[in-house]
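This report refers to the structure that appears directly beneath it.
Protein chains in written order, with the numbering used here: chain A, 983 to 1084; chain B, 166 to 498; chain C, 4 to 167; chain D, 7 to 129.
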């Protein structure tokens, strides 16, 4: 069995990639990808820490079920917004898109 | 010797490797695939009062499937102009791997199982959910109109029937209280086959899994008379063979899962060995699904989606209620 | 010792995460994101959280990636990738990523958390449902409200006629 | 059983991947014949014998979008229902009220979604 630190390391690297995408990308879909990566990094962290106890605590898994559900909902609403914006014939550059009111 | 290399050598020299290559694994899948291709054509022909394939060997053309494989192998690989080569080739390859991974989860007999995963049933269904992605990518990659329409149809259809499929399998989980496929079979050893308490669930399961397999009452993604085999339209010979592979493996795997969940898997009187029981049950299901093909006409896409989300979803919730009363209402069935 | 499976999964996950953000074609990006999720599910299986792993595949790849691909194929042709704008934020990001990678490096070199083993035989599923219902019943109800809001909100947003 | 290092499933998947990839490469390199100079007609997309016109990825089906959105949501619901079903014997009737509320609240939007999906001119 791999030591848990390696899993933490993967989680941290994914978080770094997600933050990188969040700050440098301007395409709304790429930003959505970054957010999903950050969610995944958090999930991996939670699962790995839940595994730290022996026997492992199941609460960590339940928590991750909730975050998976929330991430899926976030993605569905985010993609609906992207569809709406593309229908209004605006390009989905989030740095220019600042008037989504009315 | 470095550690990973030792691990790989150990893997290659184990009997487990043999299991992958020969029996539940690749070679047996290929032979069964060729056989059932012939069998399906023959059966459909007999239902329609035709003769069917008859030239390839004396015994009623039984080698037709192998002949087809050899023919398709020697065709030229043509990739259409403007196609996305990576996804065009990788989606059938990945679909084949996914299909084979499904079979790895099935307990064929006590101990004959490639991966006895603790969450076998959700793992199977989760792997099934991967296939709309691949079909969509395959249809998109060909840069042609029929494949794209077919890919989108497959996407809508398979996602719509996914939920009734999960919920009909949920009834089995409620009654057995385990997600492990071997555990489900062992439960049936003590309590009788689940087709009796879960008759509605079994019916729903076979209908929705026919839709997942894209077989005839629900074969809109590849409807040959309207969209020319749909997402498979642009595939040249050898790749077409690779595309047909997952279609058969899905049929085989779903039939095997049905007999595991509802018909007691490898259980049966000890006159014949468990694995024969398993194959008998699986073949009965395969023949039933093949008879659907020659019996029912194709439905329309909007009717299909509407029925999936209304009738089938309602029935699967009714099935959950039935399972709930079996477990809670009548203690210790 | 370094486990071969872990190494392969971690490499695939991280590489495809980078590809998801950097691939020029958004369809490739979405597919790479799917592979990231798959690798993550594999890591969950290694951590004996097989239930979460299975539903990671079902929900993330089966549903989210499909929805992303659908949207990409719908809006992609009229999209055109806007050029990267690295000037403004690149320094901050570079610093942040370096910091995180440094943390990762120091974590791996520090005294390792013990890797618990001998968890064979389904210790990952013990009392999952009971914990969910008994301890997290109220969050579950709130989650159902979130689900309802997401369906209604997303459909209202994506609807074509907007008179009201 | 294999060594402790590699879980069986992983070895299975790696092997299948390698085998199938090898098969495709073999097909491409060895068996399948090659045409050194394919004509434009050979590479043209199939349109029932007509000359292909326009880009290939245009016929988009958008009018069933609500269905795929519903799938995302009800997949999540199935995830929680499986966790409940797993422990149904232990929970007995005590888990009924939370799960029933959960299902009812989450199924109400289904009616709205079906209503919207019925109006195909909206999409």
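Glycine included, every Cβ here is placed at the ideal spot set by N, Cα and C.
Sub-9 Å separation of residue i and residue j beta-carbons
| i | j | result |
| --- | --- | --- |
| residue 51/D | residue 309/B | yes |
| residue 276/B | residue 487/B | no |
| residue 302/B | residue 401/B | no |
| residue 363/B | residue 431/B | no |
| residue 321/B | residue 445/B | no |
| residue 233/B | residue 202/B | yes |
| residue 115/D | residue 52/C | no |
| residue 417/B | residue 373/B | no |
| residue 1047/A | residue 85/D | yes |
| residue 996/A | residue 16/C | yes |
| residue 411/B | residue 230/B | no |
| residue 1058/A | residue 30/D | no |
| residue 450/B | residue 419/B | yes |
| residue 34/C | residue 72/C | yes |
| residue 481/B | residue 208/B | no |
| residue 155/C | residue 90/D | no |
| residue 354/B | residue 247/B | no |
| residue 61/C | residue 290/B | yes |
| residue 80/D | residue 161/C | no |
Own chain partners of residue i with C-beta closer than 7 Å, once the 5 adjacent residues on each side are dropped
| i | result |
| --- | --- |
| residue 375/B | 382, 383, 454 and 457 |
| residue 1031/A | 1042 |
| residue 20/C | 39 |
| residue 240/B | 401, 402 and 403 |
| residue 259/B | 299 |
| residue 436/B | none |
| residue 443/B | 273, 274, 424, 430 and 431 |
| residue 266/B | 292 |
| residue 1021/A | 1049 and 1053 |
| residue 474/B | 325 |
| residue 1060/A | 1014 |
Beta-carbon separation (whole angstroms), residue i vs residue j, contact threshold 8 Å
| i | j | result |
| --- | --- | --- |
| residue 1068/A | residue 30/C | So it is not a contact: roughly 15 Å between Cβ atoms. |
| residue 1043/A | residue 1029/A | 7 Å |
| residue 1050/A | residue 1025/A | 7 Å |
| residue 104/C | residue 989/A | So it is not a contact: roughly 16 Å between Cβ atoms. |
| residue 1055/A | residue 149/C | 6 Å |
| residue 386/B | residue 478/B | About 21 Å separates the two Cβ atoms, so there is no contact after all. |
| residue 447/B | residue 272/B | In fact, because the Cβ distance is near 12 Å, the residues do not count as touching under 8 Å. |
| residue 147/C | residue 112/D | 5 Å |
| residue 332/B | residue 485/B | 6 Å |
| residue 319/B | residue 377/B | So it is not a contact: roughly 10 Å between Cβ atoms. |
Limits of the alpha helix (DSSP H) - the one that residue i falls within
| i | result |
| --- | --- |
| residue 1056/A | 1041-1069 |
| residue 373/B | 364-377 |
| residue 50/D | No alpha helix (DSSP H) contains residue 50/D, which DSSP labels as neither H nor E. |
| residue 73/C | 69-78 |
| residue 226/B | Residue 226/B -> no alpha helix (DSSP H), and no H or E assigned at all. |
| residue 136/C | Residue 136/C -> no alpha helix (DSSP H), and no H or E assigned at all. |
| residue 205/B | 191-212 |
| residue 393/B | Unbroken run through residue 393/B: none, as it is neither H nor E. |
| residue 1027/A | 1010-1032 |
| residue 301/B | 295-306 |
| residue 23/C | 7-25 |
| residue 281/B | Looking at the DSSP string, residue 281/B is not in any alpha helix (DSSP H), and its letter there is neither H nor E. |
Neighbourhood of residue i by C-beta distance below 6 Å, restricted to the same chain and skipping five residues each side
| i | result |
| --- | --- |
| residue 269/B | 279 and 280 |
| residue 304/B | 312, 313, 315, 316 and 396 |
| residue 462/B | none |
| residue 75/C | 29, 30 and 33 |
Chain G contact for residue i (CB, 9 Å cutoff)
| i | result |
| --- | --- |
| residue 318/B | Here the protein chains are A, B, C and D, and chain G is not one of them. |
Neighbourhood of residue i by C-beta, 8 Å cutoff - its chain only, sequence neighbours within 5 removed
| i | result |
| --- | --- |
| residue 987/A | none |
| residue 59/C | 40, 43, 44 and 47 |
| residue 167/C | Note on residue 167/C: pLDDT 40, under 50, position unreliable in the model; the coordinate value appears next. Once the five neighbours on either side are set aside, residue 167/C has no close Cβ partner at all. |
| residue 131/C | 54 |
| residue 993/A | 1023, 1024, 1026, 1027 and 1030 |
Stretch pair the region 386-399 of chain B + the region 306-325 of chain B: three plus CB contacts closer than 8 Å
In short, these stretches touch, since the Cβ pair count reaches three.
Sufficient close CB pairs (3 or more, under 8 Å) joining the region 66-76 of chain C to the region 101-108 of chain D:
The region 66-76 of chain C, when compared against the region 101-108 of chain D, does not touch it at the 8 Å Cβ threshold.
Quick check: the region 286-299 of chain B against the region 355-367 of chain B, are there 3 or more CB pairs under 8 Å?
Contact annotation: the region 286-299 of chain B does not touch the region 355-367 of chain B, with fewer than three C-beta pairs closer than 8 Å.
Touching by the beta-carbon criterion (3+ pairs, under 8 Å), the region 459-474 of chain B and the region 341-350 of chain B:
No, the region 459-474 of chain B is not in contact with the region 341-350 of chain B.
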